[in-house]
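Visitor:
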Amino acid sequence: MSIRVMLPAAFARHTDGTKQVDSQAATLPALVEDLGTKFPQLGSHIKDEDGRLRKFINVYVNDEDIRFLGGDTYQFQDRDEVMFIPSIAGGLR
Amino acid sequence: MQPACRAPFELYSKESGKSYGNQPLSICDESFTPLEVRYDLDAVKGQVTRASIEAGPANMWRYTSLLPIPEGFEPDLPVGFTPLVKAKNLGKRVGSNNLYVKNDAVCFPTLSFKDRVVAVALANARHFGFEVVGCSSTGNLANSVAAQAARLGLKACILVPADLEPAKILNTQVYGARLVRIDGNYDHVNRLCSLIADQYNWGFVNVNLRPYYAEGSKSVGFEIAEQLGWRLPDNVVVPMAGGSLIRKIKKAFDELLYLGLVEAKPVRFFGAQATGCSPISTAVKQDTETITPQRPNTIARSLAIGNPADGPYASRMIREVGGYAEDVSDVEVVAGIQELAETEGIFTETAGGVTTAVTARLLAQGRIGTDELTVSVITGNGLKTTDALAGRYELGRAVRPRLGDFEEYLAELDGPTAVAPELEPELIPAD
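Protein sequences, first through last, are from chains A and B.
Per this note's numbering, the first sequence starts with residue 1, numbered consecutively.
Per this note's numbering, the second sequence starts with residue 1001, numbered consecutively.
Encoded structure:
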């Protein structure tokens, strides 16, 4: 099982410019952990003090806000396209 | 006319404290939270005075000292300074002795408060060298970006939800803007704009120019205070879409206070939403700043943002100042439009129907006192959303141009006693 993750320009400073990455994570919390492993600098910035994804970052799965799919409990499907977008233009997480 | 001085300004992140100077950027790359504009008000304290403002032009540019306008920009569009109307008749109807309507249904050039924010955003777009500007919009912003881009000689590419009101679509296209209808709601459109802004060197007024854009809203607050004779109201009722406007009006009041132009007093802010899209009012009622997104389903489409970017901040501010937020049904929205038109002669769009109905409800609930000075902020014109009133009025049959036919027609409508009495002879003007 593999998902494709799209990262916004605002993240690029912490990913050496990488804007797309594949992951085997099954859920959003697992994906946040995986991103933190792949890009340690990003990992420390996208999590709040409780270790959760910052609330001003939106996550979309194949065009749908992940909160409408169950949020942290949503199980990614093979070939899901997951997009991270800061809240400024797309509301907030 | 140029103001005597301008407060130096820069972008910064409230969360991380990092400064970003002045550039087309909207997100802090450390906290990923929205950037804000902050000013060095101490640099202009004592120089920006009531007199210096009053000596300025009769539009929002009289407040240029307190807006993020680049050096050298000579504003020539007379945007803003819309009427603040004492709403005696509406007040009588809804139980207020001290109600005012801030009427941005007549803001120049496109009849909504968005003209203010676009004026500031495009001043910066030109300064940053963008040749193409754009936005995601529920209609009013589209109209305003299209019109002002035309005036400034910029190309405009505007993205809207496909089901937008026809008048708002036409009012965008007429200015020569490229309009792209997106098969989705506003939140989908917004997300796409964010992706485009990542790829194209375009100035999106509500994405990469957003910090500047949002500051234009402050002019509503400056005007309310000045038009009340340099004093603050007790209450302000503000429609909420993304949740930015209500905060910016407070910011305007705070800046005037800091500069000593108004006296301190507690001002309560009340947010207004349609029940069919009420993520911020829901959060306020639940006493939280956690916003749960909604799928919009309301005729008040200009407020239909299910995932409001400034929602947490708006909810926090409203609760901090002891205000509240309410939401009303679509039936009440239409009634609000009609009530404001019938009592004050102000024809507002659906968002104004929301604000009017919420104001009435807050008075009925006793959350706003009868004698408290309350300003209801009307942000758009009813001519843009006439479809909301479809089927509400009958044309009636055509009447032959004869007095007898006219009287017969009135009797048909109201009964024979309703026919106007003949004029008394002494009231008939002499030839």
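Where a beta carbon is used, it is the ideal one built from N, C-alpha and C, also for glycine.
Owing to the predicted nature of the structure, the values given are computational and were not obtained by experimental measurement.
1. Note down, in chain order, every chain B residue with its Cβ under 9 angstroms from the Cβ of residue 57 of chain A.
2. Got a sec: is the Cβ-Cβ distance from residue 67 of chain A to anything in chain B below 8 angstroms?
3. Could you check which residue in B/1337, B/1323 and B/1341 has the C-alpha nearest to that of residue 1366 of chain B?
4. Taking the alpha carbon of residue 1054 of chain B as the reference point, which residue from B/1227, B/1218 and B/1354 has its own alpha carbon closest?
5. Do you know whose CA, among B/1215, B/1339 and B/1315, lies nearest residue 1358 of chain B's CA?
6. Output the residue ranges of the beta strand (DSSP E) runs that lie fully inside the stretch 1102–1158 of chain B and measure 3 residues or longer, sorted by chain position.
7. Kindly indicate if chain B contains any beta-carbon less than 8 angstroms away from that of residue 4 of chain A.
8. Using a Cβ-Cβ cut-off of 8 angstroms (strictly less than) and excluding sequence neighbours within five positions of residue 1218 of chain B, which residues of its own chain qualify?
9. Within its chain, find whatever has a CB closer than 7 angstroms to the CB of residue 1176 of chain B; leave out the 5 residues flanking it on each side and keep chain order.
10. Across the stretch 1228–1245 of chain B and the stretch 1262–1269 of chain B, are there enough close Cβ pairs to call them in contact, namely three or more that are closer than 8 angstroms?
11. Residues of chain B with a CB under 8 angstroms from the CB of residue 54 of chain A: which are they?
12. Spatial neighbours of residue 47 of chain A within its chain, please: C-beta separation below 8 angstroms, excluding the five flanking residues on both sides.
13. Any idea what DSSP makes of residue 1012 of chain B, helix, strand or coil?
14. Evaluate residue 64 of chain A with the Cβ neighbour count: other Cβ atoms within 10 Å of its Cβ, from every protein chain shown; 16 or more gives buried, anything less gives exposed.
15. Please report the straight-line C-alpha distance between residue 1346 of chain B and residue 1405 of chain B, rounded to a whole angstrom.
16. Just checking residue 1268 of chain B against the ligand MN - is the residue's beta carbon closer than 7 angstroms to any of the ligand's heavy atoms?
17. Applying the 10 Å Cβ sphere with the 16-neighbour rule, what's the burial state of residue 41 of chain A?
18. Mark residue 93 of chain A as exposed unless 16 or more other C-beta atoms lie within 10 angstroms of its C-beta, in which case mark it buried.
19. Could you tell me whether any Cβ in chain B is nearer than 8 angstroms to the Cβ of residue 60 of chain A?
20. Residues of chain B with a CB under 9 angstroms from the CB of residue 79 of chain A: which are they?
21. Got a sec: is the Cβ-Cβ distance from residue 1307 of chain B to anything in chain A below 8 angstroms?
22. If you run the structure through DSSP and keep just helix, strand and coil, what is residue 1089 of chain B?
23. Return the first residue and the last residue of the beta strand (DSSP E) that residue 58 of chain A is part of.
24. Quick check on residue 23 of chain A: does DSSP put it in helix, strand or coil?
25. Under 8 angstroms, with one C-beta from each stretch per pair, do the stretch 1378–1395 of chain B and the stretch 1098–1105 of chain B reach the 3-pair mark?
26. Chain A partners of residue 1198 of chain B, CB-CB under 7 angstroms?
27. By the DSSP assignment, the alpha helix (DSSP H) with residue 1052 of chain B in it spans what residues?
28. Taking 8 angstroms as the threshold (C-beta atoms), are residue 1284 of chain B and residue 1305 of chain B in contact?
29. Would you mind reading off the limits of the beta strand (DSSP E) that contains residue 1344 of chain B?
30. Write down every uninterrupted run of the alpha helix (DSSP H) in the stretch 1153–1228 of chain B whose length is 4 residues or greater and which is fully enclosed by it, in chain order.
31. In three-state DSSP terms, what is residue 1387 of chain B?
32. Which same chain residues end up closer than 6 angstroms to residue 60 of chain A when comparing Cβ atoms and leaving out the 5 residues on each side of it in sequence?
33. What does DSSP give as the partner residues of residue 1084 of chain B in its beta bridges?
34. Using only the alpha-carbon positions, how far apart do residue 4 of chain A and residue 18 of chain A sit?
35. Leaving out five residues on either side along the sequence, give the residues of the same chain with a beta carbon under 7 angstroms from the beta carbon of residue 45 of chain A.
Guide: The relevant details are as follows:
1. By Cβ distance, chain B contributes 1032.
2. Output row for residue 67 of chain A: interface = yes.
3. B/1323
4. B/1227
5. B/1339
6. 1132–1136
7. no
8. 1063, 1066, 1067, 1248, 1249, 1251, 1252 and 1255
9. Within the same chain, 1150 come within 7 angstroms of residue 1176 of chain B by CB-CB distance, once the 5 residues on both sides are set aside.
10. yes
11. 1031, 1032 and 1033
12. So the qualifying residues of the chain are 32, 36, 53 and 54.
13. strand
14. Looking at its Cβ environment, which holds fewer than 16 other Cβ atoms inside 10 Å, residue 64 of chain A is exposed.
15. Their backbone Cα atoms lie some 32 angstroms apart in a straight line.
16. This structure simply doesn't include the ligand MN, nor any ligand for that matter.
17. The residue in question, residue 41 of chain A, is exposed, as its Cβ has fewer than 16 Cβ neighbours within 10 Å.
18. Residue confidence is low: residue 93 of chain A scores 37 on pLDDT, short of 50, so the model does not pin down where it sits. Its coordinate-derived value is still stated next. That one is buried.
19. yes
20. Against chain B, a Cβ distance below 9 angstroms from residue 79 of chain A picks out nothing, because the smallest value is about 19 angstroms.
21. yes
22. helix
23. 57–61
24. Here residue 23 of chain A sits in strand by DSSP.
25. yes
26. 8 and 9, listed in chain order.
27. 1050–1054
28. no
29. No beta strand (DSSP E) contains residue 1344 of chain B, which is instead part of the alpha helix (DSSP H) from 1330–1344.
30. The stretch 1153–1228 of chain B contains these whole alpha helix (DSSP H) runs: 1166–1173, 1186–1199, 1210–1215 and 1218–1227.
31. In the three-state reduction of the DSSP assignment, residue 1387 of chain B falls in the helix class, which pools H, G and I.
32. Taken in chain order, the residues that qualify are 83.
33. B/1102
34. 13 angstroms
35. Short of 7 angstroms from the beta carbon of residue 45 of chain A, and not among the five residues preceding or following it, lie these beta carbons of its own chain, in chain order: 14.
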